[in-house]
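Visitor:
There are 2 protein chains.
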Amino acid sequence: MTEEAPLYDGSSERRAPADQATVRRTNLGLVLRHLRDHGPRSRARIAQETGLNKATVSSLVAELAERRLVSAGEVDRAGSVGRPGLIVHLDGRCVCGIGVELNVDYVAVLVLDLRGEVLFERRHALDIPSLGAEETLDAVARAVTEAVAAAAVVGARPAGVTVAVAGLVRSVDGVVTLAPNIGWRDVAVLDGLRSRLDVDCPIRVENDANLLAIAEWAMGSEARTPDLVYLTGEVGVGGGVIVAGRLLRGAGGLSGEVGHTSLGDPDVVCGCGRRGCWETVVGLAALLRAAADHGDPVRDPGRDLETRLAEVARRAEAGDERTLGALRQVGTSLGTGAAVLINLFNPRVVLLGGYFAVLGRFLMEPLLAELESRVLGPGMAGARVVLSRLGFTAAVRGGAHVALESVFDDPTLVPEPVLDPAGATAP
Amino acid sequence: MTEEAPLYDGSSERRAPADQATVRRTNLGLVLRHLRDHGPRSRARIAQETGLNKATVSSLVAELAERRLVSAGEVDRAGSVGRPGLIVHLDGRCVCGIGVELNVDYVAVLVLDLRGEVLFERRHALDIPSLGAEETLDAVARAVTEAVAAAAVVGARPAGVTVAVAGLVRSVDGVVTLAPNIGWRDVAVLDGLRSRLDVDCPIRVENDANLLAIAEWAMGSEARTPDLVYLTGEVGVGGGVIVAGRLLRGAGGLSGEVGHTSLGDPDVVCGCGRRGCWETVVGLAALLRAAADHGDPVRDPGRDLETRLAEVARRAEAGDERTLGALRQVGTSLGTGAAVLINLFNPRVVLLGGYFAVLGRFLMEPLLAELESRVLGPGMAGARVVLSRLGFTAAVRGGAHVALESVFDDPTLVPEPVLDPAGATAP
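Going down the list, the sequences are from chains A and B. According to the UniProt record's numbering, the first sequence is numbered sequentially starting from 1. According to the UniProt record's numbering, the second sequence is numbered sequentially starting from 1.
#1: For residue 185 (chain A), collect the residues of the same chain with a Cβ closer than 6 Å to its Cβ; drop the 5 residues on either side in sequence, then sort them by chain order.
#2: Once you ignore the five residues that flank residue 46 (chain A) on each side, which residues in its own chain have a CB closer than 8 Å to its CB?
#3: Could you tell me the boundaries of the beta strand (DSSP E) in which residue 232 (chain B) lies?
#4: For residue 121 (chain A), I'd like the list of residues in its chain whose CB is within less than 6 Å of its CB, leaving aside the five on either flank, ordered along the chain.
#5: To which residues of the same chain is residue 106 (chain A) closer than 7 Å at the C-beta, ignoring the five residues directly before and after it?
#6: Check whether the Cβ of residue 429 (chain B) lies closer than 8 Å to any Cβ atom in chain A.
#7: Quick check on the DSSP output: the beta strand (DSSP E) that includes residue 162 (chain A) runs from which residue to which?
#8: Can you check whether the C-beta of residue 145 (chain B) is within less than 8 Å of a C-beta belonging to chain A?
#9: How far does the alpha helix (DSSP H) with residue 383 (chain A) in it extend, from its first residue to its last?
#10: Can you tell me the Cα-Cα spacing of residue 297 (chain B) and residue 168 (chain B), whole angstroms?
#11: Chain A beta carbons: is any one of them nearer than 8 Å to that of residue 221 (chain B)?
#12: For residue 406 (chain B), count the other beta carbons within 10 Å of its own beta carbon; 16 or more makes it buried, fewer makes it exposed. Which is it?
#13: Taking just the CA atoms, how far does residue 362 (chain B) sit from residue 165 (chain B)?
#14: Hey, how far is the Cα of residue 250 (chain B) from the Cα of residue 223 (chain A)?
#15: Could you tell me which chain B residues have their CB closer than 9 Å to the CB of residue 392 (chain A), listed as they occur along the chain?
#16: Label residue 158 (chain B) either buried or exposed according to how many other C-beta atoms from any shown protein chain fall within 10 Å of its C-beta, with 16 as the threshold for buried.
#17: Mapping the DSSP letters down to three states, classify residue 117 (chain A) as helix, strand or coil.
#18: Taking Cβ-Cβ distances below 9 Å as the criterion, which residues of the region 246–267 of chain A are in contact with chain B?
#19: In angstroms with no decimal places, state the Cα-to-Cα distance between residue 2 (chain B) and residue 154 (chain B).
#20: Per DSSP, residue 111 (chain B) forms a beta bridge with which residues?
#21: Assuming residue 262 (chain A) and residue 340 (chain B) form a contact by the criterion Cβ under 8 Å, report the distance between their Cβ atoms to the nearest whole angstrom.
#22: For residue 382 (chain B), go through chain A and note every residue whose CB falls closer than 7 Å to its CB, in chain order.
#23: Measuring CB atoms only, is the region 325–332 of chain B touching the region 288–297 of chain B, in the sense that at least three cross pairs come out at less than 8 Å?
#24: Strictly by DSSP, which residues pair up with residue 184 (chain A)?
#25: Is the CB-CB distance between residue 350 (chain A) and residue 383 (chain A) below 8 Å?
#26: Buried or exposed: residue 38 (chain B), going by 16 or more other Cβ atoms within 10 Å of its Cβ?
#27: Taking 8 Å as the threshold (beta carbon to beta carbon), is residue 270 (chain B) in contact with chain A?
#28: Quick one, are the C-beta atoms of residue 304 (chain B) and residue 280 (chain B) less than 8 Å apart?
#29: The region 143–170 of chain B: which residues have C-beta closer than 9 Å to a C-beta of chain A, in chain order?
#30: When burial is assigned at 16 or more other CB atoms within 10 Å of the CB, is residue 180 (chain B) buried or exposed?
#31: What residue range is occupied by the uninterrupted alpha helix (DSSP H) comprising residue 38 (chain B)?
#32: Out of A:355, A:321, A:203, A:348, point me to the one whose CA is closest to residue 307 (chain A)'s CA.
#33: Do the region 227–243 of chain A and the region 204–211 of chain A make contact, defined as three or more Cβ pairs closer than 8 Å?
#34: Do residue 140 (chain B) and residue 190 (chain B) have their CB atoms nearer than 8 Å?
#35: Given this structure, state the Cα-to-Cα distance separating residue 203 (chain B) from residue 215 (chain B), to the nearest angstrom.
#36: Grouping DSSP H, G and I as helix and E and B as strand, with all else coil, what is residue 294 (chain B)?
Right, here's the structure in full:
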């Protein structure tokens with residue numbers, strides 16, 4: 001009998017027949033990811049660690065070098081008995097991923113090279129609710145064009161552009177179905193950007209919480225946790241879920257909508273028009289309403305959010321009863337909803353982002369108490385609650401990462417340079 | 001630009017290097033599943049439809065025939081131009097899958113051959129709450145041994161045994177953490193059966209709703225719907241979720257616990273000791289309490305459930321106001337919870353099983369009204385609600401299917417028969 005029976009995943013009939021080209025692509029990706037995850041090393045060591053044979057590794061590395069995804073540098077003398085080998089490392093310069101975040105009052109762009117180094121970063125202040133969709137998309141297209149040009153200066157071509165939007169995004173066709181905080185409904189962001197942009201790479205549009213979850217998965221403190229639930233607290237509350245190492249998308253890319261589940265106060269009307277949505281008790285507005293009177297600067301949306309949250313934290317630290325009471329109340333309600341997510345998804349980690357992360361130290365105690373009492377599995381079903389440390393650029397980082405990941409999945413997406421008769425490399 | 005950008009799944013780094021043995025196994029499985037899904041056909045047609053070349057298909061079919069998973073029968077003359085080929089078909093006789101269901105008052109066993117035909121079926125009445133875990137496992141082991149013997153009579157060896165339990169099952173190690181309806185806590189079902197059974201195949205222990213979801217996925221009216229939520233209404237309420245064609249398991253196999261999410265009446269105490277669990281408003285007890293007084297035969301747990309549900313349906317059809325009111329109330333509450341699941345998972349289909357299916361025609365109207373108002377995505381985010389038609393043997397069918405699926409995934413799990421010197425096939 002087998003100690004650990006292979007778990008059924010019901011997906012077997014979807015596999016394509018394996019052929020030599022598929023095997024080659026798989027192994028090119030394997031070597032490239034191995035270098036990313038474990039750092040520069042010799043061909044011999046790659047062979048030893050991946051189980052591929054040495055001749056295969058040499059041929060794979062040669063192809064990756066032709067595509068300018070790796071280069072071979074100094075000689076490896078560490079512990080070598082035979083002929084010393086050259087160290088192969090990721091060459092991040094020729095390809096980049098572009099992440100864009102479209103939020104209430106700004107558009108942010110970040111360009112990462114294949115090694116994850118920042119090539120370009122820009123934040124444009126923009127009043128999106130007043131601008132409207134068409135002018136906003138014009139601005140986004142200009143911002144992306146600027147980023148592409150900046151990357152081209154150092155020789156990097158985009159492998160993809162990923163746009164994060166806080167709202168209900170039908171990622172299969174890139175339509176923002178509903179984004180109450182910017183007043184959008186059924187905006188075809190993907191088509192709008194395609195018609196405005198002259199780039200030869202995939203463009204994706206994605207819910208911001210999904211990209212935040214991916215950023216955590218790729219580069220957060222709990223990176224590579226295969227079962228992970230991410231909750232971000234802002235005006236609204238968003239959720240992104242990683243299931244068995246994959247982003248949960250659902251049939252139309254509309255999954256993870258936790259903010260409007262009926263876990264709130266049935267007497268309170270939400271921004272979406274419904275009653276009892278969870279974000280009416282755990283969103284930023286709910287906290288600030290409970291913590292301060294109308295007219296209090298922490299409730300002034302015209303002021304900088306980070307400053308207002310710092311003031312809330314200051315009051316809590318000073319022992320202000322009203323502030324502490326409001327935080328306890330939000331912490332408990334956060335626990336009620338997080339317990340539902342733990343019961344449904346059985347994650348290893350629940351990550352809290354947005355204002356939940358900033359004020360997390362005051363939310364944690366009531367939150368954990370509620371989880372202990374509401375989660376069915378013993379010991380909170382093995383879940384830990386962790387505050388995100390990625391901060392406010394996480395969405396664009398997640399977006400850039402998604403764009404780059406396609407190259408790590410299939411390095412042949414990056415074309416081999418065409419040589420002109422004089423032997424110079426064409427652009 | 002690509003019309004449909006490949007969706008990021010974050011799982012790339014887990015892939016093993018592809019080698020010839022892997023390719024062979026993949027392609028053996030591909031041919032076997034092709035025959036299962038599309039019926040008997042010639043080698044030439046398999047080659048044409050799968051994209052594998054003809055010589056490869058011939059060699060794969062020869063190996064599958066040696067493992068006695070396929071056989072070649074009559075000549076294919078349909079539309080053939082060249083030499084007519086023999087028709088290859090699944091030969092289900094040598095391998096079987098065993099599904100077991102362990103419920104409050106019975107143990108059921110079902111054996112399916114590779115073609116999905118029933119080889120053996122038995123239901124043993126058993127008062128599990130009074131028997132206790134050890135004696136119950138003795139009885140389960142006897143039932144499985146009987147099934148294995150029955151399969152052996154026709155020459156079939158088990159590819160696996162899957163045991164369904166209504167409760168919180170940690171499928172990674174086969175421990176039933178909590179099963180309130182049979183009074184179990186931390187029962188090591190997998191270890192208990194391994195020590196009692198003399199079978200040389202994997203044994204799995206699984207939450208019953210997970211197996212019901214798999215049964216629907218494999219053989220229900222909505223088979224192969226990649227994003228599917230299954231809800232079963234019994235004494236408790238269980239959930240099984242298929243995400244992108246895979247069963248959602250979570251970190252410890254504890255996912256899908258919908259019954260105890262806090263979507264119920266906070267004043268009602270649940271069987272688990274908590275307040276406000278969803279099953280306190282949508283479980284069978286909630287319906288019957290609302291529909292009939294204490295002492296009414298429909299509330300008598302000693303009577304057959306199907307008879308009691310038929311009586312409830314009769315009263316509803318006769319226009320009994322109290323019964324109709326109870327059904328409306330349950331339908332609405334079912335909608336509240338189903339809306340949460342649709343918001344989180346964005347499934348294509350929500351399948352209702354157990355008593356929800358039997359009385360579904362009376363629940364549907366209030367349920368859909370609640371979904372329309374609570375689901376954030378327009379048009380219920382594209383989800384349909386469907387009543388299961390698999391009936392009461394679905395859990396054992398799902399279990400047997402899981403066991404067989406491992407063979408379709410990797411046909412080399414079935415050994416090639418060893419020939420003795422006289423040329424006869426050893427057992």
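We treat Cβ as the ideally placed atom computed from N, Cα and C, and that holds for glycine.
Guide: The answer reads as follows:
#1: 178
#2: 31, 34, 35, 52, 57, 61, 88
#3: 228–233
#4: Once the five neighbours on either side are set aside, the close Cβ partners of residue 121 (chain A) are 110.
#5: 123, 124, 125, 126
#6: Because chain B in this structure spans residues 1 to 427, residue 429 (chain B) falls outside the shown range and cannot be described.
#7: In the DSSP annotation of this structure, the continuous segment of the beta strand (DSSP E) that includes residue 162 (chain A) starts and ends at 157–165.
#8: no
#9: Counting along the chain, residue 383 (chain A) falls outside any alpha helix (DSSP H), and DSSP gives it neither H nor E.
#10: 30 Å
#11: For residue 221 (chain B), the answer is no, since every Cβ of chain A falls outside 8 Å of its Cβ.
#12: buried
#13: 28 Å
#14: 17 Å
#15: In chain order: nothing, as chain B lies at least about 22 Å away.
#16: buried
#17: coil
#18: 246, 247, 248, 249, 250, 251, 252, 253, 254, 255, 256, 257, 258, 259, 260, 261, 262, 263
#19: With a pLDDT of 32 at residue 2 (chain B), under the threshold of 50, the modelled position of that residue is not reliable, and the figure given next carries that caveat. Cα to Cα, the separation comes out at about 53 Å.
#20: Residue 111 (chain B) is bridged by DSSP to B:98, B:120.
#21: 7 Å
#22: 251, 252
#23: yes
#24: Per DSSP, A:179.
#25: yes
#26: Burial check for residue 38 (chain B): the Cβ neighbour count within 10 Å stays below 16, so the residue is exposed.
#27: no
#28: no
#29: 160, 162, 168, 170
#30: buried
#31: 20–38
#32: A:355
#33: yes
#34: no
#35: 18 Å
#36: It is coil, neither helix nor strand.
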